[in-house]
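Residue numbers (full-length UniProt numbering): 1 to 314.
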Amino acid sequence: MDEIWTLLLLCLAMLIGCYMSGLIPLAITFSEEKLKLVTVFGAGLLVGTALAVIIPEGIHAMYSAGPGHHDHEHSSTEKEATEHKHEAGSSHDHHSHGMEDNHSIIGVTLVIGFIFMLLVDQIGGSHMHGSSDPESPDTIVQQNRNKITATLGLVVHAAADGVALGAAVMLNHSSLTLIVFVAIMLHKAPAAFGLVSFLLHEGFDRPRIKKHLFVFSIAAPLMAIITFICLSQKSAESFTDIKTTGIAMLFSAGTFLYVATVHVLPEVSSGQIKHTNPDGTIVIHEHKGFKNVELVAIVVGAILPVILSLGHKH
Numbered sequence: 001m002d003e004i005w006t007l008l009l010l011c012l013a014m015l016i017g018c019y020m021s022g023l024i025p026l027a028i029t030f031s032e033e034k035l036k037l038v039t040v041f042g043a044g045l046l047v048g049t050a051l052a053v054i055i056p057e058g059i060h061a062m063y064s065a066g067p068g069h070h071d072h073e074h075s076s077t078e079k080e081a082t083e084h085k086h087e088a089g090s091s092h093d094h095h096s097h098g099m100e101d102n103h104s105i106i107g108v109t110l111v112i113g114f115i116f117m118l119l120v121d122q123i124g125g126s127h128m129h130g131s132s133d134p135e136s137p138d139t140i141v142q143q144n145r146n147k148i149t150a151t152l153g154l155v156v157h158a159a160a161d162g163v164a165l166g167a168a169v170m171l172n173h174s175s176l177t178l179i180v181f182v183a184i185m186l187h188k189a190p191a192a193f194g195l196v197s198f199l200l201h202e203g204f205d206r207p208r209i210k211k212h213l214f215v216f217s218i219a220a221p222l223m224a225i226i227t228f229i230c231l232s233q234k235s236a237e238s239f240t241d242i243k244t245t246g247i248a249m250l251f252s253a254g255t256f257l258y259v260a261t262v263h264v265l266p267e268v269s270s271g272q273i274k275h276t277n278p279d280g281t282i283v284i285h286e287h288k289g290f291k292n293v294e295l296v297a298i299v300v301g302a303i304l305p306v307i308l309s310l311g312h313k314h
């Protein structure tokens, strides 16, 4: 019963915190230049939180499954060592294989998450590249699909976070639950800020942005509750172990990295500069890359999650 209230409290805090963070760019009016700077900073936060928070936490969650099992295996091995000394070496080999399996799972899970979002992206809009006219219906549909795919990627990522939180609460490991919650909140709030900034930059109207923000904000709490309900139908022992939590978080990190690096950063790194000639004609120059101030913003955004995570000890 305590687990249910703990989960509901965490979900409520997550929903409110995430939604309020996303409202900040809507409450403050930015010029186009400032909006892009905020978007670049948000993109830095997306990358920094994925690399500095969620991936390390996912790996830690996977390996934190080891000590409990290791202690059990170690005591069992000690008991049998009086009769069969060679079993100690066999146990060590088994442990080494387990470590290698974890290494493989980490990479595979990250790649699967990245490829999953790649497929979602391609299925959602790969066949719409035919037109070069920015005002044509096909181009407009393609741009809208790209924006929706960015939101979808973050929603899938948030849902995977919800799976991790629900699993952690179900396993009744208070330290792990705190780790997962802190990790999720450290990147969900900046992600909400970055998502809204990105959608503002893309010209979405505010009511529609709020709908996207609400879907993103509710995804993790809803998935956490669903996961908890599903797992509560079985005994805790029947659920694999804490490693599943790490796998869920690493999968979410793969989707997160795809959204940050393939959608957000390329979008904000390119732009147009308009100049009016003396004869009244307007010349548009396209440019790629970041200005110095934008580069500083993205670096600061990427480093900030690292600084915040330094105070978080396991």
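Beta carbons are placed, not taken as given, at the ideal position from N, Cα and C, and that holds for glycine. For clarity, every value in this text was computed on a predicted model and none was experimentally measured.
Subject >> Supposed close pair Gly48, Val306 - CB separation, criterion 8 angstroms >> reply: 6 angstroms
Original post:
Hey, how far is the Cα of Asp161 from the Cα of Ser174?
Top reply: 17 angstroms
**OP:** List the DSSP bridge partners of Lys291.
**Re:** Bridge partners of Lys291: none, in fact.
**OP:** Would you tell me roughly how many angstroms separate the C-alpha atoms of Ala220 and Gly203, rounded to the nearest one?
**Re:** 26 angstroms
Original post:
Should Val163 be labelled buried (16 or more other beta-carbon atoms within 10 Å of its own) or exposed?
Top reply: buried
Original post:
Should His84 be labelled buried (16 or more other beta-carbon atoms within 10 Å of its own) or exposed?
Top reply: Reliability fails at His84, whose pLDDT of 45 lies under 50, so the model's placement of it is uncertain and no value is given.
Subject >> Pairwise C-alpha distance: Leu257 and Ser270 >> reply: 19 angstroms
Original post:
Among the residues of its own chain, which have a CB less than 7 angstroms from the CB of Ala302, if the five just before and after it don't count?
Top reply: Gly44, Val47, Gly48
Subject >> Euclidean distance between Cα positions of Ala13 and Phe181 >> reply: 10 angstroms
**OP:** Provide the residue(s) that pair with Phe270 in DSSP beta bridges, ordered along the chain.
**Re:** According to the sequence provided, residue 270 is Ser. The question's Phe does not apply to it. In the DSSP output, where bridge partners are listed per residue, Ser270 has Lys288.
Original post:
If we count the other Cβ atoms within 10 Å of its Cβ and call it buried at 16 or more, is His201 buried or exposed?
Top reply: buried
Original post:
What separation, rounded to the nearest whole angstrom, lies between the Cα atoms of Leu195 and Gly22?
Top reply: 8 angstroms
Original post:
Does DSSP put Phe204 in a helix, in a strand, or in coil?
Top reply: coil
Original post:
Looking at C-alpha atoms only, which residue of Val155, Phe290, Thr6 is the closest neighbour of Phe251?
Top reply: Val155
Original post:
Under a three-way DSSP split, which group does Val141 fall into?
Top reply: Caution is warranted here: a pLDDT of 48 is assigned to Val141, below 50, making its placement in the model unreliable, and no coordinate value can be reported.
Subject >> Of the listed residues Leu8, Ile24, Ala159, Thr29, nearest to Thr255 (C-alpha basis) >> reply: Ala159
Subject >> Three-state secondary structure assigned by DSSP to Gln122 >> reply: helix
**OP:** Reducing DSSP to helix, strand and coil, say where Asn172 ends up.
**Re:** coil
Original post:
What is the residue span of the alpha helix (DSSP H) that Ser21 lies within?
Top reply: 2–27
Original post:
Run through DSSP, which three-state label would Ser197 get?
Top reply: helix
Original post:
Does the distance from the C-beta atom of Leu213 to that of Tyr19 stay below 8 angstroms?
Top reply: yes
Original post:
Do you know how far the Cα of Ala253 is from the Cα of Gly113?
Top reply: 7 angstroms
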